[in-house]
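Novice:
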Ligand code: ADP
Ligand code: MG
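Numbering (my numbering), first residue to last: 1 to 358.
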């Protein structure tokens, strides 16, 4: 897949919109007032992934306008999903202030360098627009909304692989209005996953678990690349649906009686297949790993993957969380920043947010 690269553009002194990966996992803080939810940033890996692109642009004396979403506010202003704490954390990581922009109009007056009154535009080379999903136009892919966003910059960079499977305004419509390129981290994701698609070490084993039912419809599309597709997790409860996708390559685990994990025997059986893998791709825990009584199946699978000689890839918010709990992060060759985006890229060979840039 050929994508326009950042390094091929002369961006000196430009205003650059970066569609960044700001959707960090949040940990809920127990509050005195039960109705008020309060969160802390549980992991800042996604922000770290965006740093090389942001630093590159600052090095070209660009004004960087960060766009992104957090959680699912569904077109409404949800105060606890404000990006303000994310701007704070990113600022700390960069050692410089990241200004917050609450309204799209707000940024127009402070175009930067020569602004009046010493407004925040002059001091802050990096600003972050509030959660894009506070505006209904983002998820509805409203063209007018995209146009308004486009007016904030001269150039657009997609540095958010993990949501590039969404046909949202900030991915598929802004590039209609601005010259564009992909960020350094996104291109790395695409390179690793393209290599798996085009030139994998065989056999290719895809392990799918977790709870998101929309994964089921991707399974038939894996037949092209996968030699084995191993299925566990809550998806097994949707088995009648999954079984309609019958194919000899598919192997199902068995759920325990209470349905919260896969049985140890079936986990061991899947582990035997994983051992043979040349490439293993994993998305989705095998059970309710959040409860330590139901992490057994996932642990057997995760250990089998890291102990295999395969090229090992994992992706997905919960998958990453369970890998962390088991302390196995370093043992993977690649951890994708997005579960859904990773699976869709492997199924389709592309994503809407990448097509928009081609
Ligand atoms: P990822 O975030 O890695 O893409 P998902 O979001 O699809 O994964 O699925 C993770 C969720 O699936 C976890 O919250 C886990 O508790 C749940 N889950 C896995 N197996 C089961 C099961 N057998 N019953 C209920 N929930 C399950
Ligand atoms: Mg999840």
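Glycine included, every Cβ here is placed at the ideal spot set by N, Cα and C. In this text, all values refer to a predicted model and were calculated from it rather than measured experimentally.
Please tell me whether residue 135 and residue 207 are closer than 8 Å, where the distance is taken between their beta carbons.
Specialist: The residue you call residue 135 lines up with position 135 of the chain shown. The residue you call residue 207 lines up with position 207 of the chain shown. No.
Novice: Is residue 207 near the ligand ADP, judged by its Cβ being under 7 Å from some heavy atom?
Specialist: On the chain shown, residue 207 is found 207 positions in, with the first residue counted as 1. No, the ligand ADP has no heavy atom inside 7 Å of this Cβ.
Novice: How is the beta strand (DSSP E) around residue 38 delimited, first residue to last?
Specialist: What you label residue 38 is simply residue 38 of the chain shown in a count that begins at 1. First-last of the beta strand (DSSP E) with residue 38: 38-41.
Novice: Starting from the Cα of residue 19, find the closest Cα among 192, 162 and 137 and give me that residue.
Specialist: The residue labelled residue 19 in the question sits at position 19 within the chain shown. Per the Cα distances, 162.
Novice: Hey, out of 317, 309, 352 and 355, whose CA is closest to residue 333's CA?
Specialist: As a working note, residue 333 is residue 333 in the chain shown. Ranking the options by Cα distance to residue 333, first place goes to 309.
Novice: Run through the DSSP bridge pairs and tell me what residue 312 is partnered with.
Specialist: Position 312 of the chain shown holds residue 312. Residue 312 is bridged to 280.
Novice: Given 8 Å as the limit, is there contact between the region 167-187 and the region 49-57, that is, 3 or more CB pairs closer than that?
Specialist: When Cβ pairs closer than 8 Å are counted between the two stretches, the region 167-187 is seen to touch the region 49-57, the count reaching three or more.
Novice: When burial is assigned at 16 or more other CB atoms within 10 Å of the CB, is residue 27 buried or exposed?
Specialist: Taking the chain shown and counting its residues from 1, one reaches residue 27 at position 27. Residue 27 should be labelled exposed.
Novice: Enumerate in chain order the residues of its own chain whose CB-to-CB distance from residue 73 is below 7 Å, with the five nearest sequence positions on each side excluded.
Specialist: As a first step, residue 73 must be located in the chain shown, where it is residue number 73. Excluding positions up to five away in sequence, the list reads 81, 131, 133 and 134.
Novice: Sorted by chain position, which residues of the same chain lie with C-beta nearer than 6 Å to residue 148's C-beta, five sequence neighbours on each side aside?
Specialist: Taking the chain shown and counting its residues from 1, one reaches residue 148 at position 148. So the qualifying residues of the chain are 104.
Novice: Are there 16 or more other CB atoms within 10 angstroms of the CB of residue 38, so buried, or fewer, so exposed?
Specialist: What you label residue 38 is simply residue 38 of the chain shown in a count that begins at 1. Residue 38 should be labelled exposed.
Novice: Can you check whether the CB of residue 235 is closer than 8 Å to the CB of residue 216?
Specialist: Start at 1 with the first residue of the chain shown, and residue 216 comes out as number 216. Start at 1 with the first residue of the chain shown, and residue 235 comes out as number 235. Yes, the Cβ-Cβ distance between residue 216 and residue 235 is below 8 Å.
Novice: Run the proximity test for residue 253: is its beta-carbon closer than 7 Å to any non-hydrogen atom belonging to the ligand ADP?
Specialist: Indexing the chain shown from 1 puts residue 253 at position 253. For the ligand ADP, not one heavy atom lies less than 7 Å from the Cβ of residue 253.
Novice: Determine, using beta carbons only, whether residue 313 and residue 336 come nearer to each other than 8 Å.
Specialist: For the purposes of this step, residue 313 is taken as residue 313 along the chain shown, with counting starting at 1. For the purposes of this step, residue 336 is taken as residue 336 along the chain shown, with counting starting at 1. A contact, by the Cβ cut-off of 8 Å.
Novice: Helix, strand or coil: which one does DSSP assign to residue 151?
Specialist: Locating residue 151 in the chain shown gives position 151, where the first residue counts as 1. Reduced to three states, the DSSP call for residue 151 is coil.
Novice: Sorted by chain position, which residues of the same chain lie with C-beta nearer than 8 Å to residue 16's C-beta, five sequence neighbours on each side aside?
Specialist: Here the question's residue 16 lines up with position 16 in the chain shown. The residues are 57, 62, 63, 64, 65, 153, 154, 155, 156 and 157.
Novice: Might you give, ordered along the chain, the residues of its own chain that have their beta carbon closer than 7 Å to the beta carbon of residue 316, omitting 5 neighbours on each side?
Specialist: Here residue 316 is taken as the residue at index 316 of the chain shown, counted from 1. The answer, listed in chain order, is 210, 283, 284 and 339.
Novice: To which residues does DSSP link residue 250 through a beta bridge?
Specialist: For the purposes of this step, residue 250 is taken as the residue at position 250 of the chain shown. As computed with DSSP, residue 250 is found in a beta bridge with 229.
Novice: How would you call residue 399, buried or exposed, if buried means at least 16 neighbouring beta carbons within 10 angstroms?
Specialist: In the structure as shown, the chain begins at 1 and stops at 358. Residue 399 is therefore absent and cannot be evaluated.
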